[in-house]
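Residues 17 to 206 (this note's numbering) make up the sequence shown, in order. Below is one structure, written out as structure tokens; comments come after it.
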Amino acid sequence: MLNIVLFGPPGAGKGTQSEKIIEKYGLTHISTGDLFRKHLGEGTELGKMAKSFMDAGNLVPDEVVIGMVDDKIKSTADSAGFIFDGFPRTVPQAEALDKLLTDKGHPISGMIALEVPEEELKKRIKERAKTSGRVDDQDEAKIDNRIRVYQEETMPVANYYQEQRKFSPIHGVGSIDEIFMAISAVMDAY
Ligand code: AMP
17 MLNIVLFGPP GAGKGTQSEK IIEKYGLTHI STGDLFRKHL GEGTELGKMA
67 KSFMDAGNLV PDEVVIGMVD DKIKSTADSA GFIFDGFPRT VPQAEALDKL
117 LTDKGHPISG MIALEVPEEE LKKRIKERAK TSGRVDDQDE AKIDNRIRVY
167 QEETMPVANY YQEQRKFSPI HGVGSIDEIF MAISAVMDAY
């Protein structure tokens, strides 16, 4: 079983690369951002609760995110593995994920981190805003806040996997296929 954390700041290309990884490796995609947006669209209690955090570009509380991921893992039968996209975003989330997967006997194989300079991230998010319909893509202050939250709350998660020798950085600028080739090389070595 291959369990991958795809890591990187907002706009790094996690969603785009996830699609290619799923297609090639047959993994189950768990994007917490997508799951929250689905709840939002369906007007569930969870969605209503997450909305204010998401609209402002802040993190939804850990226990809510962890519970949602736990449900998703449990409801997925016979997967070749998972690709976690946008999760874990805090060290307590990483610790909870380790526990969930160790209980299943299949720990995280590795973290693949897409590294993209801040100016490029902002450019990509503004481009995505034209079609994404996402409130949090729309204005400069929200984008800046998401990048700040990433630096302050999420970056420590990279150290968490580095300490476990499970960290692989990838240069996230270039064509989609070039970046995917670099990701595939890392995945094929797991
Ligand atoms: P994303 O699509 O990954 O950029 O996530 C969009 C928004 O959903 C984030 O800005 C957060 O408000 C929320 N979110 C997604 N994943 C997480 C997570 N792992 N922990 C906390 N909040 C999250």
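Virtual Cβ for every residue (Gly too), placed ideally from N, Cα, C.
Out of Ile186, Arg164 and His45, which one is the CA nearest neighbour of Phe98? Of the listed residues, the one whose Cα sits closest to Phe98 is His45.
Quick one: is the Cβ of Thr48 within less than 6 Å of any heavy atom of the ligand AMP? Yes, the beta carbon of Thr48 sits closer than 6 Å to at least one heavy atom of the ligand AMP.
Since Thr48 contacts Val81 with CB under 8 Å, what's their CB separation in whole angstroms? Yes, they are in contact, since the Cβ atoms of Thr48 and Val81 sit about 6 Å apart, within 8 Å.
Is any heavy atom of the ligand AMP found at a distance shorter than 6 Å from the C-beta of Leu51? Answer for Leu51: no, Cβ out of range of the ligand AMP.
Taking the straight line between their C-alpha atoms, what separation do you get for Arg164 and Met70? Near 14 Å, if we compare the C-alpha coordinates of Met70 and Arg164.
In terms of residues, what are the limits of the beta strand (DSSP E) holding Glu179? Glu179: not part of any beta strand (DSSP E); member of the alpha helix (DSSP H) spanning Met171 to Glu179, first to last residue.
The ligand AMP and Pro26: does any heavy atom of the ligand fall closer than 6 Å to the residue's C-beta? Within the cutoff, so yes.
Rounded Cβ spacing between Phe196 and Ala129 (contact assumed at less than 8 Å): In fact, because the Cβ distance is near 15 Å, the residues do not count as touching under 8 Å.
Would Val107 pass as a contact of Tyr177 if the rule is Cβ separation under 7 Å? No, Cβ-Cβ distance for Val107 and Tyr177 is not below 7 Å.
DSSP state of Pro133, grouped into three classes? Correct three-state label for Pro133: coil.
Measure from the alpha carbon of Leu18 to the alpha carbon of each residue in Gly29, Leu62, Leu117 and Lys54, then state which is nearest. When each option's Cα is compared against that of Leu18, the closest is Leu117.
Segment limits, beta strand (DSSP E) that includes Leu22: Ile20 to Phe23 is the span of the beta strand (DSSP E), which, as asked, contains Leu22.
Check: Met171 C-beta below 6 Å from any heavy atom of the ligand AMP: Exclusion of Met171 from the 6 Å shell around the ligand AMP follows from its C-beta lying no nearer than that to any non-hydrogen atom of the ligand.
Spatial neighbours of Ala66 in its chain, beta-carbon cut-off 8 Å, leaving aside the 5 residues before and after: Closer than 8 Å at the Cβ level, and outside the excluded window around Ala66, lie Phe52, His55, Leu56, Val76 and Val80.
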